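Engineer: This is the structure I want to talk about, given as structure tokens.
2 protein chains.
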Amino acid sequence: MTTVSELQSGPPPSPRRRRADALRSITAILDAATETLNRRSEATIEDIAKAAGISRQTVYAHFPSREALLQALMERVTEQVVTAIDAADLDTGPADAALVRLLETGWVALGTNPFLLHLTLPPIDPEQERERHEPILARLERLVVRGQEQDEIDPQLPVAWVLSATLALGHAAGEEVRAGRMTPTEAVQVLRTSIPRLVRPGR
Amino acid sequence: MTTVSELQSGPPPSPRRRRADALRSITAILDAATETLNRRSEATIEDIAKAAGISRQTVYAHFPSREALLQALMERVTEQVVTAIDAADLDTGPADAALVRLLETGWVALGTNPFLLHLTLPPIDPEQERERHEPILARLERLVVRGQEQDEIDPQLPVAWVLSATLALGHAAGEEVRAGRMTPTEAVQVLRTSIPRLVRPGR
DNA sequence: ACTAAGTCTTACGTCAATGTCCAAGTTACT
DNA sequence: AGTAACTTGGACATTGACGTAAGACTTAGT
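From first to last, the protein sequence lines stand for chains A and B.
Going by numbering that gives the first Met the number 0, the letters in the first sequence line up with residues 0 to 202, in that order.
Going by numbering that gives the first Met the number 0, the letters in the second sequence line up with residues 0 to 202, in that order.
Structural data, given as structure tokens:
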């Protein structure tokens, strides 16, 4: 059939008729794939289908191959993250608080997609990868640089390290929640104290 | 043939003759497996064999199955980490400095085995898992608790979080090095400033 | 130099996942 | 109510990894 890739593009390039149940299936698949692959990155198409409550064939009806599924998945996740970032309104207030806000909305709350970070399929060209990560990185870097200029973030620290470290802490907090060692509230709490400590300039 | 599992046990239970090249092969396999699985956790036995510079069959000559290989791998890694921990001499000096020392020897230097953390094979019983992690966790917890008692580590922070966060930062630094965005020296440098900031009690 | 241990090549059987096809049944739109 | 879109179940070819086996060859130890 038709690949879903045309879906998230703005104006419909081809006047394709799409029924409601089809759309439901598609999002069910993507949700299930996110959930399942987060636990086992080697999960089968069948696993995903089962988790989505549909048959394996239906998956193939919308995504021509496993590759295509993962592709679409990455696109959607990226899109969600970008949305979350914009919602966090990074340009307002102290930069370190903005970092925390970012983690709250984007990572801890919305599901913490660690597989996204470590799912580098072989048949992905670096150009595409860059292109996908660029909008995210650009926003984050801008935030960090702003924070350093306003002396809310230690200018001594490399920008890349501030980002890595922050995301690592966010990921770690998400893990704690997922493992049941912390409640989401505690996780947010601990991030609120840890991130500023990490990035604030020494007095 | 005989499984390698008898190897790291203390006194040889069966007086097995082992030739030098066999031992060489075994460590070559284990090293290659560590290296390869760190990049792709779904790596084939053939991949590992190729990386080790031997044939696939030789792998099977020493490890009856993929499962057994991973098993042995986990054991060896655990052993190495424990050794590294003991070498870091955690009971001496300020606790936060000890944490940094730990990362330097155990993670950044010795190869940063992230796959160890995320490689939870289905057919692993939790009891065995606990048993494996116990010696490591015990040492680390003891360190953190000591630090909190001596007021070198913020007593407000949950012990589990101090550990997670520290390891997360160590892992992040290792990633930076692996990705070529930092030199090992810079990584150590940045850890030396970041860890204390993170865990030191607020003035 | 002899011998046992170890390795290599080739080959084979099994199994699970991918991807394809089709026919029959459901479900959404108008 | 009618039709096109969608889903489903079964069936099938293909591929790749696992695990096993046997014979020829090479290497280490004494």
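No residue lacks a Cβ here, since even glycine has one placed at the ideal position from N, Cα and C.
Computed from a predicted model, the values in this text were never measured in an experiment.
Within 10 Å of its beta-carbon, does glutamate 103 of chain B have 16 or more other beta-carbons around it, so buried, or fewer, so exposed?
Structural biologist: The residue given as residue 103 of chain B occupies position 104 in the second sequence. Classification of glutamate 103 of chain B: buried, given that the 10 Å Cβ count is 16 or more.
Engineer: Just checking: is the beta-carbon of leucine 197 of chain B within a distance shorter than 8 Å of some beta-carbon in chain A?
Structural biologist: Sequence index remark: in the second sequence, residue 197 of chain B carries index 198 (1-based). It does; some Cβ of chain A falls within 8 Å.
Engineer: For the region 33-89 of chain B, list the beta strand (DSSP E) runs that are entirely contained and at least 3 residues long, ordered along the chain.
Structural biologist: For the region 33-89 of chain B, not a single whole beta strand (DSSP E) run of length 3 or above is found.
Engineer: Should aspartate 95 of chain B go down as buried or exposed, given a rule of 16 or more other Cβ atoms within 10 Å for buried?
Structural biologist: Against the second sequence, residue 95 of chain B aligns to sequence position 96. Looking at its Cβ environment, which holds 16 or more other Cβ atoms inside 10 Å, aspartate 95 of chain B is buried.
Engineer: Count the C-beta pairs between the region 126-141 of chain A and the region 74-81 of chain A that are closer than 8 Å, then say yes if the count reaches three, no if not.
Structural biologist: With a cut-off of 8 Å, the region 74-81 of chain A and the region 126-141 of chain A count as touching, because enough Cβ pairs lie within range.
Engineer: How many whole angstroms separate the CB atoms of leucine 139 of chain A and leucine 162 of chain A, which I take to be in contact at a CB cut-off of 8 Å?
Structural biologist: On the first sequence, position 140 is the one that residue 139 of chain A refers to. On the first sequence, position 163 is the one that residue 162 of chain A refers to. That pair is a contact at about 5 Å.
Engineer: So glutamate 34 of chain A packs on alanine 50 of chain A, CB below 8 Å; how close in whole Å?
Structural biologist: Here residue 34 of chain A refers to the residue found at position 35 of the first sequence. Here residue 50 of chain A refers to the residue found at position 51 of the first sequence. The pair is a contact, with the Cβ atoms about 6 Å apart (cut-off 8 Å).
Engineer: Between which two residues does the alpha helix (DSSP H) carrying glutamine 188 of chain B extend?
Structural biologist: The count along the second sequence starts at 1 and reaches residue 188 of chain B at position 189. From DSSP, the alpha helix (DSSP H) with glutamine 188 of chain B extends over 183-198.
Engineer: Assuming the contact rule is C-beta atoms closer than 8 Å, serine 206 of chain A and alanine 164 of chain B should be a hit. Round their C-beta distance to whole Å, please.
Structural biologist: The structure shown does not extend to residue 206 of chain A, since chain A spans only 0 to 202, so no value can be given for it.
Engineer: Between alanine 108 of chain A and chain B, is there a C-beta pair that is closer than 8 Å?
Structural biologist: Residue mapping note: residue 108 of chain A aligns to position 109 of the first sequence, counting from 1. Here the model assigns alanine 108 of chain A a pLDDT of 46, short of 50, so the residue's position is not dependable, and the following value carries that caveat. For alanine 108 of chain A, the answer is no, since every Cβ of chain B falls outside 8 Å of its Cβ.
Engineer: Does the pairing of the region 23-41 of chain A with the region 51-66 of chain A give three or more beta-carbon distances under 8 Å?
Structural biologist: At 8 Å Cβ cutoff, the stretches touch.
Engineer: Do valine 158 of chain A and valine 144 of chain A have their CB atoms nearer than 8 Å?
Structural biologist: Numbered from its first residue, the first sequence carries residue 158 of chain A at position 159. Numbered from its first residue, the first sequence carries residue 144 of chain A at position 145. The answer is yes: Cβ separation under 8 Å.
Engineer: Taking all protein chains shown into account, do 16 or more other C-beta atoms lie within 10 angstroms of the C-beta of leucine 142 of chain B, making it buried, or fewer, making it exposed?
Structural biologist: Within the second sequence, residue 142 of chain B is the residue found at index 143, counting from 1. Buried: at least 16 other Cβ atoms inside 10 Å.
Engineer: Please state the DSSP three-state secondary structure of alanine 178 of chain A.
Structural biologist: Within the first sequence, residue 178 of chain A is the residue found at index 179, counting from 1. Note: alanine 178 of chain A maps to coil in three-state DSSP.
Engineer: Helix, strand or coil for threonine 26 of chain A? Go by DSSP, reduced to three states.
Structural biologist: Walking along the first sequence from the start, residue 26 of chain A turns up at place 27. Of the three classes helix, strand and coil, the one that applies to threonine 26 of chain A here is helix, per DSSP.
Engineer: Are the CB atoms of leucine 136 of chain A and valine 198 of chain A within a distance shorter than 8 Å?
Structural biologist: Residue mapping note: residue 198 of chain A aligns to position 199 of the first sequence, counting from 1. Residue mapping note: residue 136 of chain A aligns to position 137 of the first sequence, counting from 1. No; because the gap between Cβ atoms is not below 8 Å, this pair is not in contact.
Engineer: Going straight from the alpha carbon of aspartate 90 of chain A to that of isoleucine 28 of chain B, what length do you get?
Structural biologist: Translated into positions along the first sequence, residue 90 of chain A becomes position 91. Translated into positions along the second sequence, residue 28 of chain B becomes position 29. Between aspartate 90 of chain A and isoleucine 28 of chain B, the C-alpha separation is close to 51 Å.
Engineer: Check this for me: beta carbons of glycine 201 of chain B and aspartate 153 of chain B, under 8 Å apart or not?
Structural biologist: On the second sequence, residue 201 of chain B is found 202 positions in, with the first residue counted as 1. On the second sequence, residue 153 of chain B is found 154 positions in, with the first residue counted as 1. Result yes, Cβ atoms of glycine 201 of chain B and aspartate 153 of chain B sit closer than 8 Å.
Engineer: Report yes or no: is there a C-beta of chain A within less than 8 Å of the C-beta of arginine 131 of chain B?
Structural biologist: Numbered from its first residue, the second sequence carries residue 131 of chain B at position 132. Cβ-Cβ to chain A under 8 Å: no for arginine 131 of chain B.
Engineer: Chain B beta carbons: is any one of them nearer than 8 Å to that of valine 189 of chain A?
Structural biologist: Looking up residue 189 of chain A in the first sequence gives position 190. Closer than 8 Å to some Cβ of chain B, the Cβ of valine 189 of chain A qualifies, so yes.
Engineer: Enumerate in chain order the residues of its own chain whose CB-to-CB distance from glutamate 151 of chain B is below 6 Å, with the five nearest sequence positions on each side excluded.
Structural biologist: Here residue 151 of chain B corresponds to residue number 152 of the second sequence, with the count starting at 1. Contacts found: Pro93, Ala94 and Asp95.
Engineer: Here's the rule I'm using: 16 or more other beta-carbon atoms within 10 Å means buried, otherwise exposed. How should glutamine 70 of chain A be labelled?
Structural biologist: Walking along the first sequence from the start, residue 70 of chain A turns up at place 71. Flag for glutamine 70 of chain A reads buried.
Engineer: According to DSSP, simplified to helix, strand and coil, what is proline 93 of chain B?
Structural biologist: Counting from 1 along the second sequence, the entry for residue 93 of chain B is found at position 94. Note: proline 93 of chain B maps to coil in three-state DSSP.
Engineer: Can you name the residues of chain A whose CB is closer than 9 Å to the CB of arginine 55 of chain B?
Structural biologist: Position 56 of the second sequence, counted from the first residue, corresponds to residue 55 of chain B. Residues of chain A passing the Cβ test: none, with the nearest at roughly 20 Å.
Engineer: Under 7 Å Cβ-Cβ, which residues of chain A neighbour serine 193 of chain B?
Structural biologist: Within the second sequence, the letter at position 194 stands for residue 193 of chain B. Simply Ala164 and Leu197.
Engineer: On the premise that alanine 31 of chain A lies in contact with isoleucine 47 of chain A, defined as a C-beta separation below 8 Å, what is that separation, rounded to the nearest angstrom?
Structural biologist: Position 48 of the first sequence, counted from the first residue, corresponds to residue 47 of chain A. Position 32 of the first sequence, counted from the first residue, corresponds to residue 31 of chain A. Indeed, because the Cβ distance is near 5 Å, the residues count as touching under 8 Å.
Engineer: Going along the chain, which residues of its own chain have a beta-carbon closer than 6 Å to the beta-carbon of arginine 191 of chain B, five neighbours each way excluded?
Structural biologist: Reading the second sequence from its first residue, position 192 is the one you call residue 191 of chain B. Only Val99 meet the Cβ criterion.
Engineer: Taking C-beta to C-beta, are valine 189 of chain B and tryptophan 160 of chain A nearer than 8 Å?
Structural biologist: Residue mapping note: residue 189 of chain B aligns to position 190 of the second sequence, counting from 1. Residue mapping note: residue 160 of chain A aligns to position 161 of the first sequence, counting from 1. Contact: yes.
Engineer: Determine, for leucine 68 of chain A, whether the minimum Cβ-Cβ distance to residues of chain B falls below 8 Å.
Structural biologist: Counted from its first residue, the first sequence places residue 68 of chain A at position 69. With 8 Å as the cut-off, leucine 68 of chain A does not count as an interface residue toward chain B.
Engineer: Kindly list, in the order they appear in chain A, the residues whose Cβ is closer than 9 Å to that of arginine 180 of chain B.
Structural biologist: In the second sequence, the residue the question calls residue 180 of chain B occupies position 181. Result: Pro157, Ala159, Trp160 and Ser163.
Engineer: Out of curiosity, what's the CA-to-CA distance linking aspartate 85 of chain B and alanine 86 of chain A?
Structural biologist: Position 86 of the second sequence, counted from the start, is the residue given in the question as residue 85 of chain B. Position 87 of the first sequence, counted from the start, is the residue given in the question as residue 86 of chain A. Rounded to the nearest angstrom, the two C-alpha atoms are 47 Å apart.
Engineer: Among the residues of its own chain, which have a CB less than 7 Å from the CB of proline 195 of chain A, if the five just before and after it don't count?
Structural biologist: In the first sequence, the residue the question calls residue 195 of chain A occupies position 196. Excluding positions up to five away in sequence, the list reads Asp95.
Engineer: So, does the CB of histidine 170 of chain A fall closer than 8 Å to a CB anywhere in chain B?
Structural biologist: As a first step, residue 170 of chain A must be located in the first sequence, where it is residue number 171. Chain B contact via Cβ: present.
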